[in-house]
Amino acid sequence: MAGVELRGIRKSYGHLQVVHGVDLDITDGEFIVLVGPSGCGKSTLLRMIAGLESISGGEIRIGPRTVNDVLPGDRDIAMVFQNYALYPQMTVAQNMGFSLKMRRVPHADILRQVREAAAILGLQDLLDRYPRQLSGGQRQRVAMGRAIVRNPSVFLFDEPLSNLDAKLRVQTRVEIKALHQRLRTTTVYVTHDQVEAMTMADRIVVMHDGRIEQVGTPLELYDRPANRFVAGFLGSPAMNFFDGGLGGADGSRFVLGNHAIPLPAGAERAAPRSVVLGVRPEHIVVDAQGVPAEVVVVEPTGSETQITARLGGQTFTAAMHKRLTAPPGSTLGFRIDPANIHLFDGETGARIP
Amino acid sequence: MRSPFMSERASAYLFLAPGFILYLLMALVPALATLAFSLTEVDRFTWGISFAGADNLLFVLSDRRFWTAFGNTFTFIAMAVAGNVGLGLLLAVLIDRQMPRAVLYFLRLAFFLPVLVATALVSLVWQLLYSTDLGILNYYLNELHLPSVSWLTNSRVAMVSIVILDVWKHVGFFMIIQLAALQGIPRSLVEAGELDGAGFWQIFRYIKLPYILPVVLFCVTYATITGLQVFDSIRILTQGGPGDATISLVMYMYEEAFGAQDIGVGSAAAFILLAAIAVTTLVQWRIGRRMVAQ
Numbered sequence: 000m001a002g003v004e005l006r007g008i009r010k011s012y013g014h015l016q017v018v019h020g021v022d023l024d025i026t027d028g029e030f031i032v033l034v035g036p037s038g039c040g041k042s043t044l045l046r047m048i049a050g051l052e053s054i055s056g057g058e059i060r061i062g063p064r065t066v067n068d069v070l071p072g073d074r075d076i077a078m079v080f081q082n083y084a085l086y087p088q089m090t091v092a093q094n095m096g097f098s099l100k101m102r103r104v105p106h107a108d109i110l111r112q113v114r115e116a117a118a119i120l121g122l123q124d125l126l127d128r129y130p131r132q133l134s135g136g137q138r139q140r141v142a143m144g145r146a147i148v149r150n151p152s153v154f155l156f157d158e159p160l161s162n163l164d165a166k167l168r169v170q171t172r173v174e175i176k177a178l179h180q181r182l183r184t185t186t187v188y189v190t191h192d193q194v195e196a197m198t199m200a201d202r203i204v205v206m207h208d209g210r211i212e213q214v215g216t217p218l219e220l221y222d223r224p225a226n227r228f229v230a231g232f233l234g235s236p237a238m239n240f241f242d243g244g245l246g247g248a249d250g251s252r253f254v255l256g257n258h259a260i261p262l263p264a265g266a267e268r269a270a271p272r273s274v275v276l277g278v279r280p281e282h283i284v285v286d287a288q289g290v291p292a293e294v295v296v297v298e299p300t301g302s303e304t305q306i307t308a309r310l311g312g313q314t315f316t317a318a319m320h321k322r323l324t325a326p327p328g329s330t331l332g333f334r335i336d337p338a339n340i341h342l343f344d345g346e347t348g349a350r351i352p
Numbered sequence: 000m001r002s003p004f005m006s007e008r009a010s011a012y013l014f015l016a017p018g019f020i021l022y023l024l025m026a027l028v029p030a031l032a033t034l035a036f037s038l039t040e041v042d043r044f045t046w047g048i049s050f051a052g053a054d055n056l057l058f059v060l061s062d063r064r065f066w067t068a069f070g071n072t073f074t075f076i077a078m079a080v081a082g083n084v085g086l087g088l089l090l091a092v093l094i095d096r097q098m099p100r101a102v103l104y105f106l107r108l109a110f111f112l113p114v115l116v117a118t119a120l121v122s123l124v125w126q127l128l129y130s131t132d133l134g135i136l137n138y139y140l141n142e143l144h145l146p147s148v149s150w151l152t153n154s155r156v157a158m159v160s161i162v163i164l165d166v167w168k169h170v171g172f173f174m175i176i177q178l179a180a181l182q183g184i185p186r187s188l189v190e191a192g193e194l195d196g197a198g199f200w201q202i203f204r205y206i207k208l209p210y211i212l213p214v215v216l217f218c219v220t221y222a223t224i225t226g227l228q229v230f231d232s233i234r235i236l237t238q239g240g241p242g243d244a245t246i247s248l249v250m251y252m253y254e255e256a257f258g259a260q261d262i263g264v265g266s267a268a269a270f271i272l273l274a275a276i277a278v279t280t281l282v283q284w285r286i287g288r289r290m291v292a293q
């Protein structure tokens, strides 16, 4: 096993730079999730770690070795692809044993290692089948089996669940996490799904436009997002943002139209001209004493109720664990919990502490 | 839903009709006529027709010249299929890589261009290249202090010369087809192979070749069928000679039907050729299906 170090990694296609100097330390045994919208460079970064894309600048280290110029097959990594990339003309056992065969491992050892890996993933009965004879979920497991069979230093996952249906996705998510807890192999996992990121990661790396926006544990990122992008990306329903300004002599109030929301005391605030107030849906409660807002739609999900409402021309969503009905167009009072608000600079989007 | 004008079935037949009528007139009727001719004997002076039964067929099967043509044709096929499909695959593998688009288009066009030229024209040009005394091939051999080769007049070399022309002319076709197959391989399969530690040759041997095997087998079958029909190049380059060293099945058929003007014997030979094509295709198809299934 080994950690992975990225130092100033850059990637350009001609004049177009898609990854702008990424630095990241992944410790041995860690489960890291790279998350971000499509085109943010997360898959490119993963493929550069794998050696499937060349790097335009910087240094990649796996364990003690710099691997910039090492071939993918010699980096001691294994990868699970989004479409699984199983060899169609080989059986499950042959697929899993292929990397060992390429390393000239004796046939008997290949057989034993394939059986061991198959036992971990419950694939024993499928070893003689061809990929076309397997369901999507089974193919996914075979792809994982192919990765674990040779006991690599690092696992790379490239959106491995996106071809599965919703129920199977949840189940497989749990299995991957359990597998990691058992094997403790350093894992880099790419997804655009923030729920996968939140539930699986030891640490999440949020990427946007080829840059790292923030690195941290799921709850660090959820509770103290470094900027407006991270705040809006993690959490479902997404965080509400209100454009407004700071009021009061010491900037202790957030002013939104006719309303002012007191901010918790003690925080240093050199007041920028415009600020954005962020508040998660679960931190807005319905309260008859609160600010009145017009109900747009009420969505019961069973476990909670989500209300979308309009205040001063801006819509927001509140989520609560109680059942509530209100006709569209009616007015409800809402209160924001001042202890759970986030302030961001109106221009840079950076968090104001 | 019912069409207001005619039933769906009737309009389907209407759409099929033009193609089917052409096929009927150009392929099916002549084929049946050939079968009929092969059972008859035509008197060349009176044009009187008499029923000959299996006489024509038996004549062909007992003709040593027919068996020479049969052997020549399969020798040609063995070499031409290996050359066309094998070299086509090699070229496809060499071209199947990252390169500037313009270079790729140029290479594809360069190799495919001979396919578009009529065989007869190509053969006339190669006749000049192959000329023992005036040909450019022997000129360069002599420049290298090597002896001249009787490309078309040495019975051991003549068939090879014909195969070289055939491969030069057709290899681009087989390259294009196999290149398309190679480029249809999902990129992630090759990448998975790279991550599994397979080198260039191993990726080809274990991942790419099995993936495109159905296409390669199609090429083998197609090259075999066209090889069984080889005619124009031989007719122009060697006229089947020296002696009968390069006479092919179609040439034999042509010479019997239009040279000796014995339509019955020529038709019987044509039917044997048809049977040979059918059997060869069927055998290759069976073998291919077994190989692909594995």
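First to last, the sequence lines map onto chains A and B. Counting from 1, position 342 in the first sequence corresponds to residue 341 in numbering that gives the first Met the number 0; the numbering is continuous, with no gaps. Counting from 1, position 138 in the second sequence corresponds to residue 137 in numbering that gives the first Met the number 0; the numbering is continuous, with no gaps. Glycine included, C-beta positions come from ideal geometry on N, C-alpha and C.
Considering only L342(A), K321(A) and V21(A), the residue with the shortest C-alpha distance to D242(A) is L342(A).
In the DSSP assignment, D286(A) falls within the unbroken beta strand (DSSP E) covering I283 to P299. Against chain A, a Cβ distance below 7 Å from A179(B) picks out nothing, because the smallest value is about 18 Å. If you look at N94(A), you'll find it isn't in any beta strand (DSSP E); it sits in the alpha helix (DSSP H) that goes V91 to M101. For G7(A), the secondary structure class from DSSP, reduced to helix, strand or coil, is strand. Of all residues in the stretch 196 to 207 of chain B, only G196, A197, G198, Q201, Y205 and I206 come within less than 9 Å of chain A when Cβ atoms are compared, listed by chain position. If you keep only unbroken alpha helix (DSSP H) runs of at least 4 residues inside the stretch 218 to 267 of chain B, you get 231 to 236 and 248 to 253. Under the DSSP definition of a beta bridge, T186(A) partners with F30(A) and F154(A). Bounds of any alpha helix (DSSP H) do not take in P261(A); it lies within the beta strand (DSSP E) bounded by H258 to P261. Linking A191(B) to M78(A) through their CA atoms gives a straight-line distance of about 8 Å. Between the beta-carbon of E4(A) and that of R74(A) there is about 13 Å, and that puts the pair past the 8 Å contact cut. According to the DSSP secondary-structure assignment, I206(B) is paired through a beta bridge with no residue.
Look at R102(A): its C-beta is under 9 Å from a C-beta on chain B.
For R279(A), the secondary structure class from DSSP, reduced to helix, strand or coil, is coil.
The Cβ atoms of V148(B) and G82(B) lie no closer than 9 Å to each other. Using a Cβ distance threshold of 9 Å, L145(B) and I135(B) do not count as a contacting pair. For the set I276(B), W66(B), T67(B) and A91(B), the Cα lying nearest the Cα of Y221(B) is the one of I276(B).
Within its own chain, the residues whose Cβ lies closer than 8 Å to the Cβ of D157(A), once the five positions on either side in sequence are excluded, are S42, L45, R46, M78, V79, F80, Q81 and V189, listed in chain order.
In chain order, G50 place their CB closer than 8 Å to the CB of L70(A), counting only its own chain and leaving out the 5 sequence neighbours on each side.
The criterion of a C-beta distance shorter than 9 Å is not satisfied by L218(A) and L255(A). For G234(A), the closest C-alpha among the options E303(A), G209(A), D192(A) and F253(A) is that of D192(A).
Annotation: Cβ neighbours of A191(B) in chain A (cutoff 7 Å, chain order): F80 and A84. Under the DSSP assignment, V170(B) falls in the alpha helix (DSSP H) whose first and last residues are A157 to Q182. At a beta-carbon threshold of 7 Å, the residues of chain B lying near P71(A) are E193 and L194, ordered along the chain.
In this structure, DSSP gives T152(B) a state outside helix and strand, which the three-state scheme calls coil. By the Cβ test, the stretch 201 to 217 of chain B is in contact with the stretch 174 to 189 of chain B, since at least three Cβ pairs between them sit closer than 8 Å. Under the 9 Å criterion on CB atoms, P185(B) is classed as interfacial with respect to chain A. For L15(B), the enclosing alpha helix (DSSP H) has its first and last residue at E7 to Y22. Cβ-Cβ separation between V148(A) and L99(A): approximately 7 Å, consistent with a contact (criterion under 8 Å). Interface residue (Cβ-Cβ distance to chain B less than 9 Å): G50(A) is classified as such. In chain order, G171 and F172 place their CB closer than 6 Å to the CB of V114(B), counting only its own chain and leaving out the 5 sequence neighbours on each side.
V159(B) and W150(B) have their alpha carbons spaced roughly 8 Å apart. For L164(B), same chain residues with a beta-carbon under 6 Å away, outside a window of 5 residues either side, are W125 and S232 in chain order. Residue-level contact check: P209(B) touches chain A, since one or more beta carbons of chain A fall below 9 Å from its beta carbon. Its chain contains I206, K207, Y210 and I211 as the residues whose beta carbon lies nearer than 8 Å to that of I184(B), once the 5 sequence neighbours on both sides are disregarded; these appear in chain order.
M78(B) and R63(B) have their C-alpha atoms roughly 23 Å apart.
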